[in-house]
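Visitor: I'd like to ask some things about the structure below.
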Amino acid sequence: GNSVTQMEGPVTLSEEAFLTINCTYTATGYPSLFWYVQYPGEGLQLLLKATKADDKGSNKGFEATYRKETTSFHLEKGSVQVSDSAVYFCALMSGGGADGLTFGKGTHLIIQP
Amino acid sequence: EAGVAQSPRYKIIEKRQSVAFWCNPISGHATLYWYQQILGQGPKLLIQFQNNGVVDDSQLPKDRFSAERLKGVDSTLKIQPAKLEDSAVYLCASSLPFRRGAGELFFGEGSRLTVL
Chain W
32 GNSVTQMEGP VTLSEEAFLT INCTYTATGY PSLFWYVQYP GEGLQLLLKA TKADDKGSNK
92 GFEATYRKET TSFHLEKGSV QVSDSAVYFC ALMSGGGADG LTFGKGTHLI IQP
Chain F
11 EAGVAQSPRY KIIEKRQSVA FWCNPISGHA TLYWYQQILG QGPKLLIQFQ NNGVVDDSQL
71 PKDRFSAERL KGVDSTLKIQ PAKLEDSAVY LCASSLPFRR GAGELFFGEG SRLTVL
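Set out below in structure tokens:
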């Protein structure tokens with residue numbers, strides 16, 4: 032079955048630090064990959080996505096590249112801000128959408144001023 | 011554009027009682043999902059509807075959980091009888107069909123259930 036593994040949190044960084052949150056996956060076929068974010072007191076929302084190998088998703092300064100050879104989709108940002116503090120979920124969707132999204136456990140990111 | 015609406019936001023019940031959650035998806039979204047998110051874990055899919063038909067309910071504990079989506083719009087998720095391990099946030103999400111929406115789900119704020 033499908034599964035997503037992401038690094039445990041919490042991850043605590045200082046403002047303007049470089050961020051990497053690791054994500055690897057197991058899936059049948061060729062899944063689409065996503066990063067969702069949950070800000071305090073808000074619902075989950077899509078941050079970025081990639082639908083095929085070597086695609087790079089980007090949004091709000093965050094980037095992630097779909098690496099089929101390493102089955103990875105690591106999230107990166109060059110300079111984090113306090114407002115980036117949130118829980119980040121890596122997820123995949125396969126089966127043409129019939130399987131819904133499979134999520135990782137989430138990584139709590141805390142940015143200190 | 012209005013987002014996914016869920017109610018109630020919070021519910022506290024005793025074990026063996028019943029509870030129901032309601033979801034109104036974004037207008038025009040044919041696909042509706044219910045997820046269960048236990049504290050410290052990622053959301054787990056319970057059931058997926060396409061219009062008013064069930065696409066996947068393989069992880070729904072059918073001895074106590076039920077869900078329906080009458081007329082292909084609103085949906086309700088019911089738990090009867092509740093157990094302690096059902097304490098979680100129940101998330102509703104909606105989307106366009108996969109090929110049109112490319113897998114983007116729009117989530118509501120969730121309904122937090124505490125079973126005592």
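Chains W and F, in that order, are what the protein sequence lines are.
For what it's worth, the numbering used here labels the leading residue of the first sequence as 32, then goes sequentially.
For what it's worth, the numbering used here labels the leading residue of the second sequence as 11, then goes sequentially.
Where a beta carbon is used, it is the ideal one built from N, C-alpha and C, also for glycine.
The model shown is predicted, which means the values in this text are computed figures rather than measured ones.
1) So which residues of chain F does Gln76 (chain W) contact, with C-beta pairs closer than 9 Å?
2) For Gly82 (chain F), which residues of its own chain have a beta-carbon under 6 Å away from its beta-carbon, when the five flanking residues on both sides are left out?
3) Distance, Cα to Cα, Tyr119 (chain W) vs Gly38 (chain F)?
4) Please decide whether Tyr20 (chain F) counts as near chain W, where near means a Cβ-Cβ distance under 8 Å.
5) What is the rounded straight-line gap between the Cα of Asp65 (chain F) and the Cα of Pro41 (chain W)?
6) Would you check if the distance between the CB atom of Ala58 (chain W) and the CB atom of Leu123 (chain W) is smaller than 8 Å?
7) Would a C-beta distance cut-off of 8 Å place Leu126 (chain F) and Lys25 (chain F) closer than the cut-off?
8) To be precise: take each residue of the region 49-63 of chain W, compare its Cβ to all Cβ atoms of chain F, and keep it if any distance is under 7 Å. Which residues remain?
9) State the Cα-Cα distance for the pair Leu55 (chain F) and Leu49 (chain F), rounded to the nearest angstrom.
10) If we count the other Cβ atoms within 10 Å of its Cβ and call it buried at 16 or more, is Ile142 (chain W) buried or exposed?
11) Considering only the alpha carbon of each residue, which of W:Leu79, W:Val111 and W:Ala84 lies closest to Asn13 (chain W)?
Guide: Short version:
1) Position 45 of the first sequence holds residue 76 (chain W). Here the neighbours are Phe116 and Phe117.
2) The residue given as residue 82 (chain F) occupies position 72 in the second sequence. Counting only Cβ-Cβ distances below 6 Å, and skipping sequence neighbours, we find Asn61 and Asn62.
3) Within the first sequence, residue 119 (chain W) is the residue found at index 88, counting from 1. Within the second sequence, residue 38 (chain F) is the residue found at index 28, counting from 1. Tyr119 (chain W) and Gly38 (chain F): Cα-Cα distance of roughly 28 Å.
4) As a first step, residue 20 (chain F) must be located in the second sequence, where it is residue number 10. No, Tyr20 (chain F) lies away from the interface with chain W (no Cβ there is under 8 Å from its Cβ).
5) As a working note, residue 65 (chain F) is residue 55 in the second sequence. As a working note, residue 41 (chain W) is residue 10 in the first sequence. The displayed chain sequence assigns Val, not Asp, to residue 65 (chain F). Cα-Cα distance, rounded: 35 Å.
6) Your numbering for residue 58 (chain W) matches position 27 in the first sequence. Your numbering for residue 123 (chain W) matches position 92 in the first sequence. Taking 8 Å as the Cβ cut-off, Ala58 (chain W) and Leu123 (chain W) qualify as a contacting pair.
7) Numbered from its first residue, the second sequence carries residue 126 (chain F) at position 116. Numbered from its first residue, the second sequence carries residue 25 (chain F) at position 15. Yes, the pair counts as a contact, with Cβ atoms nearer than the cut-off.
8) Ser63
9) As a first step, residue 55 (chain F) is located in the second sequence; it is residue number 45 there, counting from the start. As a first step, residue 49 (chain F) is located in the second sequence; it is residue number 39 there, counting from the start. In a straight line, the C-alpha of Leu55 (chain F) is about 15 Å away from that of Leu49 (chain F).
10) For the purposes of this step, residue 142 (chain W) is identified with residue 111 of the first sequence, where counting begins at 1. Buried is the call here.
11) Because chain W here runs from 32 to 144, residue 13 (chain W) falls outside it and cannot be looked at.
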